[in-house]
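The sequence shown begins at 683 in my numbering and counts up by one.
Cβ atoms here follow ideal geometry from the backbone N, Cα and C, with glycine treated the same way.
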Amino acid sequence: MARPRSAESHKKVIDAAVQLFSERGIDATSMDAIAEASGVSKATIYKHWQDKDALCLEVMGYLHGLDEEPPVFDSGNFRDDLIAQLQYQPAADRQALREKMTPHMIAYASRNRAMGAAWRTRVIEPARLALTNLIQRGEKGGILRRGIDPEIGIALLLGPMMYRHVFVTRAGAKGPKDLEIHVADAFLAAFGTAAPSR
């Protein structure tokens, strides 16, 4: 069955925006350039997105797999679930584009506070919420000590992941092997009520 024309146009715009944003940067990419690259008129683009920021947010949501239902890791083994959550890569087929786009997004968001806040709410918050829920489940199940500040927990868990992504693998080096396992075990050693089961 043929894809409806509006859906096809929508995909063309997203694909063109992803390529141009990741190659040129967000500031240097105009809506005119996106219209030309996608073959979709600027008038049609503005019917779907009020401005470039709105389009950019949808691009980031697409690259982070917000169009897919995220898994809930709840196997009954908290350590395994924590490792699986840290290892989870949404939209794995878009990872290369996501890695190209993220530095441009960080730079753009640092100059545009409203965009940065919208990006964190729409794209970053789901991952933070998943870890918050996991921490709360660990507390409720008696695996983690009560009263952990979720912000501290998230910072300790995601900090090493960001370090590997930004400072190690982007520089061309291989990241620490089994980093997620080491991070989960260090977290459990710091906040667990007993030695983590393996």
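Would residue i be called buried (16 or more neighbouring beta carbons within 10 Å of its own) or exposed?
i	result
A877	Legend: pLDDT at A877 = 49, less than 50; position of this residue unreliable, no value from coordinates given.
I834	exposed
A699	buried
Q777	exposed
F755	buried
M742	buried
K734	buried
Q767	buried
F849	exposed
S720	buried
G758	exposed
G841	exposed
A684	Any reading at A684 needs caution, since the residue's pLDDT is 40, under 50, leaving its predicted position unreliable; the model's value is listed next. Exposed, by the Cβ-count rule.
S879	Since pLDDT at S879 reaches only 47, below the 50 mark, its modelled position is unreliable, and no value is offered.
A871	exposed
Just to confirm before moving on: does the CB-CB distance between residue i and residue j stay below 8 Å?
i	j	result
L839	L811	no
G823	F760	yes
L779	L745	yes
A717	K724	yes
T875	I817	no
F873	I836	no
R846	P858	yes
Residues bridged to residue i by DSSP?
i	result
G874	L826
Compute the minimum distance between the beta carbon of residue i and the heavy atoms of the ligand SAH, and state whether it is under 7 Å.
i	result
E690	For the structure depicted, the ligand SAH is absent and the ligand set is empty, with no information on it obtainable.
Quick check: the region 741-760 against the region 788-797, are there 3 or more CB pairs under 8 Å? no
Using 8 Å as the cut-off, can you tell me whether the region 862-877 makes contact with the region 797-808, which would need three or more C-beta pairs spanning the two stretches below that distance? no
At least 3 beta-carbon pairs within less than 8 Å: the region 768-787 vs the region 691-705: yes
Between the region 686-697 and the region 721-731, do three or more beta carbon pairs fall short of 8 Å? Yes: at least three Cβ pairs fall under 8 Å.
What beta strand (DSSP E) runs, 3 residues minimum, are completely inside the region 771-817? As far as the region 771-817 is concerned, it has no whole beta strand (DSSP E) run of at least 3 residues.
For the region 684-719, which segments carrying the alpha helix (DSSP H) assignment without a break, of at least 4 residues, lie completely within its bounds, in sequence order? 687-706
Can you check the region 724-770 for any alpha helix (DSSP H) of at least 4 residues that lies completely inside it and give the ranges in chain order? 724-730, 734-745, 760-769
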